[in-house]
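Since the structure comes first, as structure tokens, the remarks are kept for the end.
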Ligand SMILES: [Zn+2]
């Protein structure tokens, strides 16, 4: 089985992906939902990473899923 994002050989640490980047990309696709990945252009990956970082920032800034480890 190979990385579902880029088809390279997977790496155990990041399985089923080949790298953290691909894992993040997959997460980004999942999180952004309707963000359609119509092409495989590397430029689109960069846009997606920006979108993902924005989403992660929103969550870190006060998402409802806080684990209480953050001091007030
Ligand atoms: Zn990959």
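Residue numbers (the numbering used here): 1037 to 1108. Even glycine gets a Cβ: it sits at the ideal position worked out from N, Cα and C. No experiment lies behind these values; they were computed from the predicted model shown.
Which of helix, strand or coil DSSP assigns to residue i
i	result
residue 1060	helix
residue 1045	strand
residue 1093	helix
residue 1051	coil
beta-carbon residue i near ligand 1 non-hydrogen atom, thresh 8 Å
i	result
residue 1044	yes
residue 1095	no
residue 1051	no
Contact under 9 Å by Cβ, residue i with residue j
i	j	result
residue 1065	residue 1092	no
residue 1045	residue 1061	no
CA nearest to the CA of residue i, picked from the options
i	options	result
residue 1052	1060, 1038, 1063 and 1061	1038
residue 1058	1086, 1040 and 1095	1040
Closer than 8 Å: residue i CB and nearest ligand 3 heavy atom
i	result
residue 1065	What this structure holds is ligand 1, not ligand 3.
Identified DSSP bridge partners for residue i
i	result
residue 1038	1045
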